[in-house]
Amino acid sequence: MSRTILVTGGGTGIGRAVVRHFAHQGDTVFLTGRRLAPLTATADETGAKPLVCDHTDPSHLAALLAALPGRIDVLINNAGGNTDIGADQEPDGLDATAALTAYATRFRANLDANLVSAALTTYAVADRLAGGGAVVHIGSIAADQGAGSYGAAKAGLAAWNLDLAGELGARDITANVVSPGYIADTEFFRDVLTAERREQLVAATAVGRAGVPDDVAGAVAFLCSPAARHITGQVLNVNGGSHMTR
Ligand code: NDP
33 MSRTILVTGG GTGIGRAVVR HFAHQGDTVF LTGRRLAPLT ATADETGAKP
83 LVCDHTDPSH LAALLAALPG RIDVLINNAG GNTDIGADQE PDGLDATAAL
133 TAYATRFRAN LDANLVSAAL TTYAVADRLA GGGAVVHIGS IAADQGAGSY
183 GAAKAGLAAW NLDLAGELGA RDITANVVSP GYIADTEFFR DVLTAERREQ
233 LVAATAVGRA GVPDDVAGAV AFLCSPAARH ITGQVLNVNG GSHMTR
């Protein structure tokens, strides 16, 4: 049976691979992001429906609701990224209030991008989620291995999901986290990793290779499949064994 799927951040990288998977199996897929160009490219390729939305902005989510159907079977909270990458550090010479304000702004940006965005989106569509459906958040190995406010946000996502899984479970909806390790060839790390750091990340896996977006999409697809109906409140690592070998 065809289902209705919402994939946030579905225009690029991991989200795009997830969109491809569901579209290929005949589901009706809505994908979101802040930039129109990647959304249109993915929509043209897959037949999915593009909607511009910044998931940190309540007014954007209200507009998104108006464009979505009344029933959603699967929500994939994939939008996110490390907002510290490329961001300016607090400059020297600020007084204490200014320095702390700048630090708080930078810290909150990661919480907003990776935790608040997923919670807001879930809250927005919760009433429309159908029994028998699934919610999957894209977490990160950074939740367990440290990465400042980004790692804290992804750890918070897994912690908050326990509460969500309890609430949605009463309606026969599962809620899980897929936690990737280093996934190559997405915008997340493109142009920021040195060749040496890439080699370190690959060496830290047990399987000797970086992950690709389809590796994550496969795990997401499983958690949304009938085979996973009794799995909820879990974190599924997709990291080639990096959590063991780092
Ligand atoms: P990408 O940068 O390609 O994907 C992130 C997507 O999210 C983009 O399409 C971006 O589109 C969208 N996005 C970001 N912020 C928002 C927002 N506020 N509202 C709407 N859309 C947003 O990288 P990945 O595919 O690698 O990342 C996908 C997820 O996987 C992220 O949550 C990331 O933290 C996680 N992850 C990635 C890893 C990796 O190694 N690549 C490892 C572990 C986790 P736009 O900019 O147009 O809004």
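In this note's numbering, the protein residues as written are 33 to 278.
By construction, the Cβ of each residue, glycine as well, lies at the ideal position given by its N, Cα and C atoms.
Contact check, residue i vs residue j, beta carbons under 8 Å
i, j, result
"Leu38", "Phe62", "yes"
"His87", "Thr36", "no"
"Gly325", "Leu194", "Outside the shown range of the chain (33 to 278) lies residue 325, about which nothing can therefore be said."
"Val351", "Thr72", "Residue 351 is absent from the model: the chain starts at 33 and stops at 278."
"Gly188", "Leu255", "no"
"Val234", "Ala242", "yes"
"Gly183", "Ala191", "no"
Three-way DSSP call (helix, strand, coil) for residue i in this model
i, result
"Val51", "helix"
"Gly163", "strand"
"Thr133", "helix"
"Asp120", "coil"
"Leu143", "helix"
Environment of residue i [buried if 16+ CB atoms lie within 10 Å]
i, result
"Thr40", "buried"
"His53", "buried"
"Tyr155", "exposed"
"Pro90", "exposed"
"Arg103", "exposed"
"Ser7", "Residue 7 lies beyond the range of the chain shown here (33 to 278); nothing can be said about it."
"Arg261", "exposed"
"Thr44", "buried"
Residue i Cβ short of 7 Å to the ligand ADP heavy atom set
i, result
"Asp246", "The ligand content of the structure shown is limited to the ligand NDP, which means the ligand ADP is not among them."
Chain B within 8 Å of residue i, Cβ atoms only
i, result
"Leu71", "Of the chains in the structure shown, none is chain B; there is only one protein chain."
- Message: With three or more beta-carbon pairs closer than 8 Å as the criterion, would you say the segment 158-170 touches the segment 120-136?
- Response: At 8 Å Cβ cutoff, the stretches do not touch.
- Query: Can we say the segment 209-229 touches the segment 241-249, given the rule of at least three CB pairs closer than 8 Å?
  - Reply: Flag = yes, the segment 209-229 and the segment 241-249 touch.
- Item | Residue ranges of each alpha helix (DSSP H) within the segment 60-103, 4 or longer | Runs found: 68-78, 90-99.
- Mind pulling the beta strand (DSSP E) runs of 3 or more residues that sit fully within the segment 162-248? Here the runs fully enclosed are 206-212.
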